[in-house]
Every structure is written in C-alpha cells, then in structure tokens.
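Novice: Heads up, the sequence shown is in our numbering, so the first residue is 1 and it goes up one at a time. Just dropping this structure here.
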Amino acid sequence: MNVVSSTLTAAILLSVSLFPVVTPMKASAQDAPALRLFNANRPLIIAHRGYMQFAPENTLPSFKLAIEVGADLVELDYYHSQDGVPIVFHDSTLDRTTDAVKRWGGQKIRVDSKTAAEIQSLDAGSWFDPKYAGTRMPLLTEALDAIQGAGGVTLIERKQGDAATCVKILRDKNLINQVVVQSFDWQYLKAFNQMEPRQVLGALGPPGTLADGSRPGDRPKPMDAAWLDDLMKTGAKLAVWNDQVSKESVAEAHQRGLKVWVYTINDPAAANKLLDMGVDGIITNNPGLLWKTLALRAAK
Ligand code: G3P
Ligand code: CA
C-alpha cells in the first residue's frame, strides 16, 4: 500500500469510528445535507479544492480523493467562461495550473477570455504530476454530478459570475441545500439569498465587497462584531474566515446564530488553537491529517 492509500485508509477508519455520520431518522427539510452539517455537533473537515495535497486542485481526481478520505464537504471554485458557462477553477488566469501559455502563447490568459470548450481542451493535470496528464477542468455541472453523485457535499465558492446562473443550476439539479454556497462578494450572497432564501450560504471574510456593493477599504481584517453585523445583512448563516479569529469573535458569531468555518489550515497545531476557540469547521488542503488531529483530541 502506498503512502497516499495508507493515509487515506487510516483517515477513513478514524473518521468513521470516532466521528460517525449523523444519520437522519426521517427525511425532512432539516435533513438536507447543508442543514445537517450546519447543525452538526462536531467540527467539520472540509477539503480545499478537493484533496489538493495529493491531486491537481479543482479537478475530478482531487474531488474523488476528498470523498474517499471522508471529508464532510468538498470545496471548489468557479468562474464564468467567455460564453457564460460556470467552470471550476481557482485563479483568474489559466497560466499556473494549465498548459494555456504553452498552447496559446502570451501570459495572464484570463479564464473569462476563453470559451468553455477552449478551456476544457487544456491539460490541468500535468503541472501537478505527469500521471495526471490530460486531466480536464470540469464544468460546475460536471463537478456537482461527480461529487454529489458519489455521496459528497459540495462547498461551492463563487469567484465570478451572477447569482441567478448558480441558483438555476442548483434548482434544475434539485441541489438546493444539498450543497453550500460561499463567496467573498457579499453583494452576490445578498442577491442569491433574495432569489433562494432556503439555501445555506457562507460569507467569506474579510470580504472584497459588502452587501450594499461598497468596498470595505482598509478596515482591520480580523473577524469582529462590526464584520458580523455586516455579514448578517447578506442572509449568510456561516462566517468563513481566515485564521484572524479569536475566542471572543467566535462567541460573538455563535450569539448571532452563525457558525464559523476557517481557511486554509494545514498545520495540526494551528488547527488545535482554532478548535480551542470553538470554530465549527476547518477548510484544509490535507483532510487526512486534520482527521488525525481531531482523533487525537478526542482520545485525550
Ligand atoms: O474556502 C475558503 C478558501 O478557499 C478561500 O480562499 O483563495 O483558496 O479560494 P481561496
Ligand atoms: Ca476557494
């Protein structure tokens, strides 16, 4: 058994034995995965861009590994292509994780300057490891089919694109509250919430855009009561912050009925500090290692 397989196997065994899945007694709106996870009484482990430590980020192989390791949610990012198709990708340009520069020349080739067909003709795997040569960037719809179809729950991060397009995809696929949606653009979240108030939303912070469309400028970045008051105006139920949180600010969030997830935490010591503060979920590049961190805490 190789290192990846043994890590995955150990993590799966730990996650199943120490953190059993919360099985619903009967189907109801409260049993929808987004609400079940929101209400979970243990910290959640969320795989960042799939299992990006062991596979090329935001691709189907990365999502498959994340599901195999038992991640509670599988995070991905999306942009709209030039022809308006949501496509799974993290950067605003294609240069870092595809062969776009080699294929087309130039630099800083924007995702939204190419059609979905052009983008899907790129190799998004070789940069990571030659064994992933030929791996394509999935459309958002393809990623949802793969993750949800395999029993996972997707954490969709909107990088660019209107709310109506995402709402329509989720409604057409009967995925409202089968997934969670998050964004640094709190105006997008407000628009989403107005169209589809049932959907659980996460407000990423510190935000790029506030709910009223203004920019926060150089406001201090740590999560605090003022940010949380602004966040409440979006309709989001989750504050998804970086490590600039404190025991006090997590308690402030909980008093407002919000849950706090933190990104992107790969170091067990950092994770333990945040768990001591009471955070409800950890977004990580290495969900296997974070399962072990939770297991060791539970064994104390
Ligand atoms: O899920 C939170 C995290 O993904 C936000 O940062 O840049 O990795 O999308 P980024
Ligand atoms: Ca992201």
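A virtual CB, placed ideally from N, CA and C, is assigned to each residue, including glycine.
Taking the alpha carbon of residue 232 as the reference point, which residue from 121, 200 and 98 has its own alpha carbon closest?
Specialist: For the purposes of this step, residue 232 is taken as the residue at position 232 of the sequence shown. Among 121, 200 and 98, the Cα nearest to that of residue 232 belongs to 200.
Novice: With a 10 Å radius around its C-beta and 16 neighbouring C-beta atoms as the bar for buried, classify residue 171 as buried or exposed.
Specialist: Here the question's residue 171 lines up with position 171 in the sequence shown. Flag for residue 171 reads exposed.
Novice: Please work out which residues of its chain come closer than 6 Å, Cβ to Cβ, to residue 73, disregarding the five sequence neighbours upstream and downstream, and give them in chain order.
Specialist: Counting from 1 along the sequence shown, the entry for residue 73 is found at position 73. If the five residues before and after residue 73 are omitted, its C-beta is found closer than 6 Å to the C-beta atoms of 46, 153 and 155, all from its own chain and listed in chain order.
Novice: Could you tell me whether any non-hydrogen atom of ligand 1 is closer than 7 Å to the CB of residue 264?
Specialist: Here residue 264 refers to the residue found at position 264 when the sequence shown is read from its first residue. If you check the C-beta of residue 264 against ligand 1, you find a heavy atom less than 7 Å away.
Novice: Just the C-alpha distance for residue 273 and residue 243, rounded to the nearest angstrom, thanks.
Specialist: Counted from its first residue, the sequence shown places residue 273 at position 273. Counted from its first residue, the sequence shown places residue 243 at position 243. Going by the C-alpha atoms only, they are around 10 Å apart.
Novice: Is DSSP giving residue 171 helix, strand or coil here?
Specialist: One-based indexing of the sequence shown puts residue 171 at position 171. Looking at residue 171 - three-state DSSP - the assignment turns out to be helix.
Novice: CB of residue 240 to nearest heavy atom of ligand 1: below 7 Å?
Specialist: What you label residue 240 is simply residue 240 of the sequence shown in a count that begins at 1. Because some heavy atom of ligand 1 lies under 7 Å away, the Cβ of residue 240 counts as near it: yes.
Novice: Determine contact between the segment 60 to 72 and the segment 91 to 98, defined as no fewer than three beta-carbon pairs at a distance below 8 Å.
Specialist: no
Novice: By Cβ distance below 8 Å, which residues in the same chain neighbour residue 56 in space, the five residues on each side in sequence not counted?
Specialist: Working through the sequence shown from its first residue, we reach residue 56 at position 56. The residues are 62, 97, 124, 125, 127, 128, 129, 132 and 135.
Novice: Residues around ligand 2, please: the condition is that the C-beta lies closer than 7 Å to some non-hydrogen atom of it.
Specialist: After applying the 7 Å Cβ criterion, the set is 48, 49, 75, 77, 90 and 157.
Novice: Determine whether the beta carbon atoms of residue 183 and residue 222 lie at a separation below 8 Å.
Specialist: In the sequence shown, the residue the question calls residue 183 occupies position 183. In the sequence shown, the residue the question calls residue 222 occupies position 222. It is not a contact, given that the beta carbons lie outside the stated cut-off.
Novice: Ligand 1 heavy atoms versus the CB of residue 228: any closer than 7 Å?
Specialist: As a first step, residue 228 must be located in the sequence shown, where it is residue number 228. Not one heavy atom of ligand 1 lies closer than 7 Å to the C-beta of residue 228.
Novice: How should residue 81 be labelled, buried or exposed, when 16 other C-beta atoms within 10 angstroms of its C-beta is the threshold for buried?
Specialist: Reading the sequence shown from its first residue, position 81 is the one you call residue 81. With 16 or more other Cβ atoms within 10 Å, it is buried.
Novice: Give the secondary structure of residue 273 by DSSP, where H, G and I count as helix, E and B as strand, and everything else as coil.
Specialist: Indexing the sequence shown from 1 puts residue 273 at position 273. In the structure shown, residue 273 sits in a helix (DSSP, three-state: H, G or I).
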